[in-house]
Amino acid sequence: MKTALVTGASSGIGAAIARRLDSLGFNLILTARRTDRLEALASELENEATVIAADLSQKSECFRLYEEVKDRNVSVVINNAGFGLLGDFDDTDLDRELSMIDVNCAAVHILTKLFLKDLIAKDRGYILNVGSSAGLMPGGPLMATYYATKAYVVSLTQSIDEELRARGSRVRVAVLCPGPVQTEFNDVADCDFAVQGISAEYCAEEALKGLFSGKTVIVPDRGMKLATAAVRVAPRRATLRTARRLQSKKLSGRKG
Ligand SMILES: NC(=O)c1ccc[n+]([C@@H]2O[C@H](COP(=O)([O-])OP(=O)(O)OC[C@H]3O[C@@H](n4cnc5c(N)ncnc54)[C@H](OP(=O)(O)O)[C@@H]3O)[C@@H](O)[C@H]2O)c1
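So this is what it looks like as C-alpha cells:
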C-alpha cells in the first residue's frame, strides 16, 4: 500500500491534497498542530490515516516527525504547512516572521533533506513543496517576508530537481505555485485577497496531476500562469510597484 505524508493537513490546501491522495488509494500520515481537525479528517478518509501532532516551527519537531514515520515506507511527501503576514516590514512582528521562516523554509528544507535520502535509496517517490506564485515574483512589498520565504522554496526545489534529473534519478521533486486559493490563509495573515481565489480542491487536483506527471513548477490557475509569464519579461521595478498596489488592497480587509 502506498503511503503519503501531508504537513499542514488540518485545513485548506493540505486537507484537500490529503483527500485527493486518499481517493487515489494512498494511506495518509496527517500532521499539523490542531489534532482535532486532523482526527476529523482522518475519520472521513477511506484508507488508513495516522495523525501526528507537530509544531514545524521547531527544528526538533521536524526531526521527531521524521523519526516517527521513517519506517512507514513513505513514497510521497507534501511539504504544505505555511503562513503569511501582511504589513510594512518595519511594522510587522519579528518573532512571527522568524517563526514563518522556520515553518515556510527551515521545515521544508529539513523534511526534504531527510525524506529525499530515503527516496533516492529506493529510486522512487515524490516530494511536493508548496511554494506560491509569490515565489516567482521579484518581491512582495507589504508581504516582504512571505514572498522571500516562497522564493527560497522555489529556488531550493528547482535546484534539487535538476540535481536528480542530471543523475537519472526517478525521484521527482516539484514546487506548487498557486495564486490566491480560498483557504484560512487570509485569516492567519490578517488580510483579505483583492482577487477571488481558486478552490483548494481544484488546486489539489492540479498539484497532484502536475507532480505525478513529472512537472517541476506547478502553477494551477491559468490567470496566474499568464501573470508569472509576464513578470519574467517585465521590468522588476514596475512589477514591484504593481505588487505593492495589489497588496495594499488587502489592507482594507484587515481585522483591525
Ligand atoms: N491560500 C493561498 O492563497 C495560498 C497561495 C499560495 C500558496 N499558499 C501556501 O499553501 C500552503 C497552505 O496554506 P493554506 O492556504 O491552505 O492556508 P491554511 O488554511 O491557513 O493552512 C495552513 C496549514 O499550515 C499549518 N501550519 C501553520 N503553522 C504551522 C506550524 N507551526 N506547525 C505545523 N503546521 C503549521 C496549519 O495547521 P495548524 O494551524 O493546525 O498547525 C494549516 O494546516 C502554505 O504553505 C501557503 O503559503 C497558499
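Going by the working numbering, the first residue of the sequence shown is number 43, and it counts up by one from there. For glycine and all other residues, C-beta sits at the position ideal for the given N, C-alpha and C.
Within the same chain, show all residues whose beta-carbon is closer than 6 angstroms to that of PRO262, passing over the 5 residues directly before and after it, in chain order.
PRO220, CYS245, GLU248
Cβ atoms of ASN228 and VAL172: under 9 angstroms apart, would you say?
no
In chain order, what are the residue ranges of uninterrupted alpha helix (DSSP H) at least 4 long that sit wholly in the segment 243 to 290?
264 to 275
Less than 8 angstroms between the CB atoms is what I'm expecting for ILE169 and VAL119, so what's the real figure, rounded?
5 angstroms
Residue from ALA285, VAL275, THR134 with nearest C-alpha to ALA231:
THR134
What does the alpha-carbon distance come out to for the pair ILE71 and ALA242?
19 angstroms
Starting from LEU156, follow the alpha helix (DSSP H) in both directions and report where the run begins and ends.
150 to 164
For the beta strand (DSSP E) holding THR49, just list the boundary residues, first then last.
45 to 49
Between the segment 182 to 191 and the segment 143 to 162, can you find at least three pairs of beta-carbon atoms closer than 8 angstroms?
yes
Counting pairs of Cβ atoms below 8 angstroms between the segment 155 to 170 and the segment 75 to 94, do you hit three or more?
no
Measure the C-alpha to C-alpha separation of LEU301 and ALA216 and round it to an integer number of angstroms.
For the chain, the structure presents residues 43 to 298; residue 301 sits outside this window and is missing.
At the level of alpha carbons, what is the spacing between ILE240 and ILE55?
11 angstroms
Rank THR187, ASP144, MET266, GLU139 by C-alpha distance to the C-alpha of CYS104 and give the top, closest one.
ASP144
Below 7 angstroms CB to CB, which residues in the same chain sit around LYS257 once its five sequence neighbours on both sides are set aside?
ALA216
Is LEU98 a contact residue of ligand 1, with contact defined as CB to any heavy atom under 8 angstroms?
yes
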